[in-house]
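Enquirer: A single structure is presented below for examination.
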Amino acid sequence: MSAVIHAARGGLGGRRLQAVIIGLVALAATAASTLALGMLVDSHSPFDHAFAAQHGAHVTAAVDTSVATSAQLAATTRLPGVTASAGPFATVSVTAKVSQPGIPGTRPYPLQIVGRPSAGGPVDQLTLDSGHWARGNGQIVLSRDVAGDLGSATITVGSQKLTVVGIANSVTNTAQAWVAPSEAALLGGSGRGQAQMLYRFANAGTSSAIAADIAAVRAALPHGALQDTASYLSVRQSEQSDIAPWVPFIIAFGVIALVISVFIVVNVVSGAVIAGTTRIGVLKSIGFTPAQVVASYVLLVAVPALVGCVAGAVCGNLLAIPLLKQNAQVYEVGVLGIPYWVDVAVPLAVLALTAAGAVPPALRAGRMSAVQAIATGRAPRPRHGYLAHRMLARLTSAPRAVTLGLAAPAARPARTLVTAAAIVFGAAAVTFGVGLAHSLDKAFAETSTASSLPVQVSAPPPAPPAGAPSSKGGGKVGRMGMTAAQQRTVISALAAQPGTRRYLPETDEDLSLPGLGDHVSVTAYGADPSWSGLALITGRWYSTSSNAPEVVVNTLFLTDTGTSVGSTYTVNSGGHRTTVRIVGEVFQPGNDVDIYMSPATLAAVDPGAGIQSYAVALQPGTNAQAYANALSAALGNSYSVETHSRGGTELVAVVTLIAMLTILIMIVAGLGVLNTVALQIRERAHDIGVFKAIGMTPRQTLTMIVCSVGLVGLVAGIVAVPAGVYLHHGVIPTMAHAANSGIPPSLLSVYTPWTIILLALSGLVIAVVGALGPAAWAARTRTAFALRAE
Amino acid sequence: MNALVQLENVTKRYDSGVAPAVADVSLAVGPGEAVAIMGPSGSGKSTLLNLIAGMDRPTSGTVRVGDQRVEKLSETGVARFRRRQVGMIFQFFNLLDDMTVLDNVLLPAQLAGLRSGAARKRAEELLVTLRIAHRRDAYPARLSGGERQRVAIARALVNRPAVLLADEPTGAVDSATGEEIGALLLELNSSGQTLIMVTHNAELADRYTHRVIELADGRVASDLAARP
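Structure below.
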């Protein structure tokens, strides 16, 4: 065994470049795979673990207890497929008055409160973060989210003052706060009763299964009893969606890096064994058995690969730290790390892959006789490419150095194919990365009004008259509108201000709508809403002149309500109801439900809503900040004039990450080319010496070697563009889906003809850059030295 | 004599701790001369030839071929010099296996940027002169040793070099073929081609060259006219 180790160690000492390339390739493959797999695992597991631990509700149902009786509700718990249930728990929607320490006055805060006797139960076993459960009237337990928002506030509902006695968490966010059932009865008063039922089902793995489960419950209850339902899948998707949109492209890059690494490892390893064939012959001639020869050569590859794998795992963990930190914040699970099994499995897999690449050629060499191995190693002549040389020699219009280079790939077709495949993946990553960056730039532009309406003018709300009654009925949280006088002042200033193109009166409200979670963002534009610059996925903008109320909503609204463009929906908030028609789907990804409607429609839901600000579009060439400064001077201190820039920091961070990953993959692909060219030069060193001896200049040598991979790179680049575009067209919708959104067609239309032409050249660039190092070395090598090479 | 090849105090040392491969050699070869360089293994014969061809650089001294100081040329300059001034013949032929006979012969002319038609005409002429025109489309692996060396000679001559450098041109062929190659070289020399040939074969040197330079330990041991 020591002889084998000595032989391997000696071999390593004599092949440092080869060892370095094997190590680097193993490092890149391990780092990329560790990062991708770790991200993938961590993006799914925290929610699932928490859901399992809490025995979370597959479906949370809001039922109208004035329609369904207790017996009918109890009957639903015995339906086939229902494995566990809890409820009915009385539910009340209120607008609480919140008083926070250090802040004068109170503010309204919508709360959905559920009356539960305890945190435990067969379903939705709440995690009590602090304090205790509500033991009687006057006590309230806040959800983690609400507690974070309110801090140690004093909460008053109607005349009931509630003391916060605990903070709890439901993995599926079944309520914002909980009280004892008797307190819920007090808060609910004599109005229509609503209750919450929590179900777990035997078959709940998919949306369609959940839909079938809900349909069964609905069918078991009287018509109209089941008001709203929430699936844990929606909650999970929502919980994951902050980080989830970035996961598909990180995985795509990781997979590309891994596949390239596989190609390169195969090339490096087989080349290493071929290059070491003479040595194998010498080892056999001094008494090494075939098994010892194979072992020593597998070791020769495995040692640098092992070093690379370990370093790669460390790099992968380091790269994952900032990404997983964000992930941990999303799931509120403290610290997330790459799972240990990923840290072990990935390096082992890469190592096994490397060894698998080394064994077949080593076995072949091990079977050779000593004399045959020495002869083969001294003159590893390719058996292919004669025809290519012959044909290209006739191509007299091209310099001979070029045609010599162009014929070279035919000498080792398998190696050429593997190299081409590595370049295809590298260039596809470039195409994908460029398209991704453009799409994200568009996405940031089309989800923000900052580009089209860069200036916003607002006024502080007028002080409420002394002794005015507080808003009652709840369901909305909104800023006070401008007074008519303030509006006239602003309009007048906008009309007088040079650079004003047009302006949109804007009202933003947060409504609390049953079944749609906490805060539903409603925006009403008082003029043509298309001026906002927000992109539509399908449909059209609402008509401000239409008598029938119309709204435009984001994808999450459609998903959560089970509606589609063309459907009608009844907006029920704060005791006001209006039925609207959904006429468009706006591109607004994220966890928030967004509704856009005309001021008239909003007035039907929230009669008190008024214009809060004016969003201003500027004439081309107008500097937004200078305009804002001038307008602010004209309006005086009573008005606020702000400029908006579209999400710069986040976009820059993501584009930087994309650029880093793209460059990393280009480097890996370039490393593959470097390896191929280095092998080619090593094998053809003597021929290069002959070329030089008969008058080939260093420039011609460089040209010949670069051309030997240049054509491969060019073809690979051309092949890679459609592959990259295909990947882009697959990943962008997946990212949008992870962010709870569809995509507008414009997000995919990012490749112009010129971009495609330039991207097609990326394969050539990878090939040329990868080849330049060894080519320059070969060009500099003295003729006599090259001629002595065997 | 107006020397075509002139070496003055040329020394080539590969490692500082060991004796030089070529030590303080001075010699001159005139146009049309046929010179044999002889000596035991390791005496510096091939190194000397490499220095004349610009394939290696002297540690000190000057190498002049025609009006060019070879040791002063850049790598590109020396490559251009080799194209025009020097033809090389090697013991093991050094033909390119993946090219046909014709393509091997054409290659130096193509690298030199000679017009395609002219290069082809010259190559075809040489193949006829060297009696291997019938093998023009064959690959080197299918040729005999003598045929391969004739192809190598044709390749060396295609750019009409001022001097033909032959490193053991008969070392890898049987004696009959060696005779044939020797005769061919003599014939070329008779037509005015300057020839410098490294050889172990004293008889070949005597029969086919005019002058024999003996090297020993990298130094010129003798420089005599060949025995008639």
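Chains as they are written, first to last, in the numbering used here: chain A, 1 to 790; chain B, 791 to 1018.
From the three backbone atoms N, C-alpha and C, an ideal C-beta is built for every residue, glycine too.
#1: Label A/Met482 either buried or exposed according to how many other C-beta atoms from any shown protein chain fall within 10 Å of its C-beta, with 16 as the threshold for buried.
#2: Can you name, in chain order, every residue of its own chain whose Cβ lies under 8 Å from the Cβ of A/Gly131, other than the five neighbours on each side?
#3: State the CB to CB distance for the pair A/Thr229 and A/Val59, rounded to an integer number of angstroms; the pair is presumed to be in contact (CB under 8 Å).
#4: Shortest alpha-carbon distance to A/Val486 belongs to which of A/Phe425, A/Ser458, A/Val344 and A/Asp508?
#5: Select from the region 692 to 704 of chain A all residues with a C-beta closer than 7 Å to any C-beta belonging to chain B, and list them in chain order.
#6: Quick one: using the 10 Å Cβ neighbour count with 16 as the cut-off for buried, is B/Arg921 buried or exposed?
#7: Can you list, in chain order, the residues of its chain whose CB lies under 7 Å from that of B/Val895, leaving out five sequence neighbours each side?
#8: The alpha helix (DSSP H) that contains B/Gly760, what's its start and end?
#9: Kindly list the residues whose CB is nearer than 6 Å to the CB of A/Gln700, restricted to its own chain and excluding five residues on each side of it in sequence; keep chain order.
#10: What span of residues does the beta strand (DSSP E) with A/Ser749 cover, start to end?
#11: With a threshold of 16 other CB atoms inside 10 Å of the CB of A/Trp791, please say whether the residue is buried or exposed.
#12: Would you mind giving the Cβ-Cβ distance between A/Ala669 and A/Ala305, rounded to the nearest angstrom? I have them listed as a contact below 8 Å.
#13: Is there contact between the region 433 to 452 of chain A and the region 741 to 751 of chain A, where contact requires at least three CB pairs shorter than 8 Å?
#14: Would you kindly check if the distance between the Cβ of A/Tyr199 and the Cβ of A/Val123 is under 9 Å?
#15: Residue ranges of each beta strand (DSSP E) run of no fewer than 3 residues wholly in the region 796 to 882 of chain B, ordered along the chain?
#16: Quick one: is B/Pro821 near chain A, going by C-beta distance under 9 Å?
#17: Beta-carbon within less than 7 Å of A/Arg780's beta-carbon, same chain only, minus the 5 sequence neighbours each way: which residues are those?
#18: For chain B, find out if any of its Cβ atoms is closer than 9 Å to the Cβ of A/Ala776; answer yes or no.
#19: According to DSSP, simplified to helix, strand and coil, what is B/Ala793?
#20: With a floor of 3 residues, list each beta strand (DSSP E) that falls wholly inside the region 22 to 73 of chain A, ordered by position along the chain.
#21: List the DSSP bridge partners of B/Arg1009.
#22: Does any C-beta atom of chain B lie closer than 9 Å to the C-beta of A/Thr783?
#23: Taking 9 Å as the threshold (beta carbon to beta carbon), is B/Glu937 in contact with chain A?
#24: Mind pulling the beta strand (DSSP E) runs of 3 or more residues that sit fully within the region 168 to 246 of chain A?
#25: For B/Ile1042 and B/Leu975, I'd like the C-alpha separation in whole angstroms.
#26: Helix, strand or coil: which one does DSSP assign to A/Phe89?
#27: Does DSSP put A/His644 in a helix, in a strand, or in coil?
#28: Can you check which of these residues, A/Lys97, A/Ala68, A/Ala61 and A/Val98, is closest to A/Ala86 by C-alpha distance?
#29: Our contact map puts A/Gly254 next to A/Ala32 with C-beta atoms below 8 Å; I'd like the distance itself, whole angstroms only.
#30: Suppose you measure from the CA of B/Lys835 to the CA of B/Leu841; what does that come to, to the nearest Å?
#31: DSSP beta-bridge partners for A/Glu585?
#32: Relative to the alpha-carbon of A/Arg788, which residue among B/Val815, B/Val819, B/Phe882 and B/Lys862 has its alpha-carbon at the smallest distance?
#33: So, does the CB of A/Arg16 fall closer than 9 Å to a CB anywhere in chain B?
#34: So B/Val819 and B/Thr801 are in contact, right, with Cβ under 8 Å, and what is the actual spacing, rounded?
#35: Alpha carbon to alpha carbon, how far is B/Ala1015 from B/Gly936?
#36: I need the straight-line Cα distance from A/Glu683 to B/Glu958, nearest angstrom please.
Expert: Inspection of the coordinates gives the following:
#1: buried
#2: Val141, Val164, Val165, Gly166 and Ile167
#3: Confirmed, Cβ separation roughly 6 Å.
#4: For the record, residue 486 of chain A in the displayed sequence is Gln; it is not Val. Closest option to A/Gln486, Cα to Cα, is A/Ser458.
#5: Lys692, Ala693, Ile694, Gly695, Met696, Thr697, Pro698, Arg699 and Gln700
#6: exposed
#7: Ala913, Leu916, Leu917, Val941, Ala944, Arg945 and Val948
#8: As shown, chain B starts at 791 and ends at 1018. That puts residue 760 of chain B outside it, with no answer to give.
#9: Cβ within range, chain order: Ala401.
#10: Note, A/Ser749: premise wrong, no beta strand (DSSP E); not H, not E.
#11: The structure shown does not extend to residue 791 of chain A, since chain A is modelled only from 1 through 790, so no value can be given for it.
#12: Not really, about 19 Å apart at Cβ, beyond 8 Å.
#13: yes
#14: yes
#15: 812 to 819, 824 to 828, 850 to 855 and 876 to 879
#16: no
#17: Pro698
#18: no
#19: coil
#20: 59 to 64
#21: B/Ala1006
#22: yes
#23: Chain A, which has no Cβ nearer than 9 Å to the Cβ of B/Glu937, makes this no.
#24: 177 to 179, 194 to 201 and 226 to 231
#25: Nothing about residue 1042 of chain B can be reported from this structure: the residues present for chain B run from 791 to 1018 only.
#26: strand
#27: coil
#28: The shortest C-alpha separation from A/Ala86 is found at A/Ala61.
#29: 5 Å
#30: Taking the straight line from one Cα to the other gives about 10 Å.
#31: A/Thr538 and A/Val553
#32: Considering only alpha carbons, the answer is B/Phe882.
#33: no
#34: Between B/Thr801 and B/Val819 the Cβ distance is about 19 Å, and since that is not below 8 Å, they are no contact.
#35: 28 Å
#36: 25 Å
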